[in-house]
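Here's the structure we're looking at; comments come further down.
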Amino acid sequence: MSTAVSAQSLSDIKHSLFDSPVDFRSEIIYFLIVDRFHDGHSSGVKEGSELEESKGLYDKSRQDWGKYWGGNLQGIIDKIDYLKGLGVTALWLSPLFEQVSDLQFSRAPMHGYWTRDFKRINPRFLKVGESNTIQESPTMKTLVDTCHAAGIKVVLDIVCNHSSPDINGSKGVVLDDGKPIADFNNDSNDFYYHEGEITDWEDEYQLVHLEMMGLATFNEKNINYRNYIKSAIHTWLDAGVDALRVDTLKHMPIWFWQEFTTAMKAYKPGLFMFGEYGFSKPWEQRSVDYANNIGMSILDFGLCDGIRFCFSGQEPGGFGQVERVLAYDKVYHKANELVTFIDNHDMPRFLSIVPDTKKLDLALVMMLTLRGVPCLFYGTEQYLNNGTNGGQDPYNRPMMDQWDTQAHSYQLVSKLLQLRSSNQALAFGSHNTAWVNDDFYLYTRNFRDSAVMVMVNKSENDHVVDAENIHMPNGVYTCLLTGFPVEILNGCLHGYTVPGKTALVISADGQPVEAPLVVVLQINGFETQPGQSLAIIGDCEELGNWDHDKSYGMEFVNENTWIATVGFRPDQAKVINYKFIVRSPNGETIVEYLINRKLIMPLKGRIAIDCYWNSANN
């Protein structure tokens with residue numbers, strides 16, 4: 035048998051290894067609970083719902099909040115145009131795995147976190163009689179194809195920590211594509227830990243080995259379990275899933291996530307992953323260690339709390355709460371990839387704690403203009419809310435019941451998402467605060483020649499702005515939200531009145547780097563001092579041919595993060611050697627302590643490369 039490899043096949047291999055999708059920092063995520071979004075079955079669901087109702091799992095009246103209400107994959111397909119019009123580019127779906135078919139304390143697993151088979155689809159999300167095998171489901175294929183045709187990535191919510199709780203004497207029964215593989219009560223294969231429930235949530239051992247709320251907890255030391263869960267997620271990636279949201283990060287050790295993330299990204303190069311480290315804070319070292327060392331981003335609970343506290347008054351400090359969180363950005367390797375949000379399926383919706391739609395508008399402006407990858411919880415763009423029991427679970431998961439594309443909230447979000455798509459400063463830029471107090475916040479986001487300025491006044495009263503050192507080009511701008519004129523002169527804004535409960539957003543769209551091949555390089559690990567800057571040198575014209583004076587300057591993101599967007603000629607060398615350097619005001623240059631980095635160049639496209647500074651001590 036010949037082992038020769040053609041030039042064409044080598045090219046194909048190179049592109050599969052080194053081509054990367056559009057940087058996820060540019061994405062806008064929409065998170066929905068499948069069962070509570072939309073019923074797309076005009077027929078068939080009646081039959082199916084009657085069957086489910088006989089089991090006690092389904093409530094067609096939609097009064098019992100713990101049961102299925104009938105949302106399904108066809109319902110999502112039917113509303114893709116609605117989401118595309120909003121500006122959504124990534125769709126995070128609650129878990130699609132086949133669930134246990136039983137009730138615990140009168141509640142069904144409509145949420146998707148009590149898995150029975152990780153390789154099959156919850157049949158309640160499909161047509162009656164349709165195969166729920168991932169590869170054989172026509173609805174799953176249609177969903178993926180419809181999303182991709184609309185420019186929307188599919189994000190799968192996965193659970194690696196646990197399966198199901200004790201329900202009528204059955205616990206942790208798991209199938210491998212229909213074949214039994216694990217049973218908590220007959221655990222001959224040692225798939226589970228058997229050490230009871232967590233009682234001390236500060237105890238490292240308990241977090242990893244004990245059960246969260248009685249859920250059967252997998253034994254990650256078991257190689258058979260690890261192989262099973264990896265092969266299961268591979269099946270979903272084969273079906274066209276583009277990114278992964280990962281549940282309960284803190285309940286499994288770092289080494290497991292390192293192995294799992296490596297396996298997923300090796301299987302699908304360029305895969306973006308983000309996980310839930312519940313109620314993480316940037317000043318809590320364990321959550322930072324997870325964010326920096328497991329190969330995926332995390333949901334930014336710290337910023338979520340900061341925004342919610344700012345408007346609710348649950349904690350003092352107003353907008354200072356947000357600034358406090360952002361001041362810690364340097365502790366993260368990739369703060370600009372943290373996934374940001376103001377509410378989700380595990381907490382009361384924003385309107386349940388701040389019953390004021392104008393303040394929700396202001397919170398949305400902040401979430402969609404601050405650093406990170408923003409994630410919108412379904413229905414927020416329609417002011418969806420149910421305040422029963424303070425909006426606690428399950429009342430934070432109402433049925434989506436309005437699709438008004440002309441609604442104020444929908445239009446507001448749409449304008450802001452269009453801005454994120456057109457102005458690079460919001461995806462990649464630094465954060466610069468010009469003014470902050472309890473009730474008023476003025477900041478800019480800056481990247482290359484792109485800039486966005488945001489002013490938020492949450493008080494009832496007008497606020498007169500007198501601010502200097504505003505990082506915006508001089509000029510007269512028009513607010514994207516109000517149409518008000520705003521003049522910036524010599525980096526100052528004097529005597530400008532911002533009405534109460536109003537946000538103003540102005541934009542200076544710069545010119546993006548355009549070239550056959552664009553490389554986005556980000557580096558962490560060198561905490562710069564005032565006056566210092568980072569640059570890239572290398573053995574090509576774009577990187578100065580090793581001349582420090584002609585090096586390619588990088589853009590400041592925070593004290594620990596710099597980023598550059600470099601365009602390369604199509605006739606550039608196939609392999610480029612490069613290093614990072616630090617330039618100081620006194621002319622001194624610090625060069626990384628390592629052999630040359632190498633960039634294998636694809637012919638075209640856009641790739642993103644994350645690096646860490648190497649010193650003699652590393």
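Residue numbers for the sequence shown, in my numbering: 35 to 652.
Using N, Cα and C, we set each Cβ at its ideal position, and we do this for glycine too.
Query	Result
Using DSSP with H/G/I as helix, E/B as strand and the rest coil, what is E575?	helix
If the criterion is Cβ atoms closer than 8 Å, does the pair G347 and S386 meet it?	no
So is the beta-carbon of D115 under 7 Å away from any non-hydrogen atom of the ligand ATP?	The model depicted lacks the ligand ATP and carries no ligand whatsoever.
Please go through the same chain and pick out, in chain order, the residues whose beta-carbon is closer than 6 Å to the beta-carbon of L451, but skip the five residues on each side of it.	I62, G121
Where does F294 sit, in a helix, a strand or coil, going by DSSP?	helix
Roughly how many angstroms lie between the CA atoms of M506 and T282, to the nearest whole one?	41 Å
Could you tell me whether the Cβ atoms of Y612 and A598 are closer together than 8 Å?	no
Counting only runs that start and end within the segment 137-186, where is the beta strand (DSSP E) found for 3 or more residues in a row?	149-155
If you follow the alpha helix (DSSP H) that K264 is part of, which residue opens it and which one closes it?	257-272
Beta-carbon separation of F474 and A459 under 8 Å?	no
Between N261 and F225, is the Cβ-Cβ spacing less than 8 Å?	no
With distances taken from CA atoms, which of G203, A537, E310 is nearest M400?	A537
By how many angstroms is the C-alpha of R479 removed from the C-alpha of V486?	5 Å
Run through DSSP, which three-state label would W289 get?	helix
Do M330 and G304 have their CB atoms nearer than 8 Å?	no
Using 10 angstroms around the beta-carbon of N327, count the other beta-carbons present and answer buried if the total reaches 16, otherwise exposed.	exposed
Output the boundary residues of the beta strand (DSSP E) element that contains M307.	306-309
Quick check on DSSP: helix, strand or coil for D583?	helix
Name the one or two DSSP bridge partners that S135 has.	DSSP lists no partner for S135.
When burial is assigned at 16 or more other CB atoms within 10 Å of the CB, is T149 buried or exposed?	buried
Residues in the same chain with beta-carbon distance under 6 Å from I215, minus the five sequence neighbours each way, listed in chain order, please.	V208
Where does H145 land, buried or exposed, given buried means 16+ other C-beta within 10 angstroms?	buried
If the criterion is Cβ atoms closer than 8 Å, does the pair V600 and F58 meet it?	no
Please classify W291: is it buried, with 16 or more other beta-carbons within 10 angstroms of its beta-carbon, or exposed?	buried
By Cβ distance, which residues of its chain are closer than 7 Å to K449, with the 5 residues on each side in sequence left out?	L514, L515
Please report the residue range of the beta strand (DSSP E) in which T391 lies.	Careful: T391 lies outside any beta strand (DSSP E), inside the alpha helix (DSSP H) at 391-401.
Name the two residues that bound the continuous beta strand (DSSP E) containing Y530.	527-532
Let's test the definition: count the other Cβ atoms within 10 Å of the Cβ of A183 and tell me whether it reaches 16, buried, or not, exposed.	exposed
Assuming H442 is part of the alpha helix (DSSP H), what are its boundary residues?	442-456
Can you check which of these residues, D483, P432, L137, is closest to F105 by C-alpha distance?	Reading off the sequence, residue 105 comes out as Gly, not Phe. Looking at the Cα atoms, P432 is the closest of the given residues.
Leaving aside the five residues before and after N592 along the sequence, list all residues of the same chain whose C-beta is less than 8 Å from its C-beta, in chain order.	D363, K364, A369, S464, H465
So what does DSSP say about Y92, is it helix, strand or coil?	strand
Is the beta carbon of Y324 sitting closer than 8 Å to the one on I267?	no
Can you tell which of F375, T414, N378, F71 has the C-alpha that lies nearest to the C-alpha of K392?	T414
Counting pairs of Cβ atoms below 8 Å between the segment 624-638 and the segment 547-559, do you hit three or more?	yes
Ignore the nearest five residues each way along the sequence and tell me which others in A461's own chain have a CB closer than 6 Å to its CB.	R59, S60
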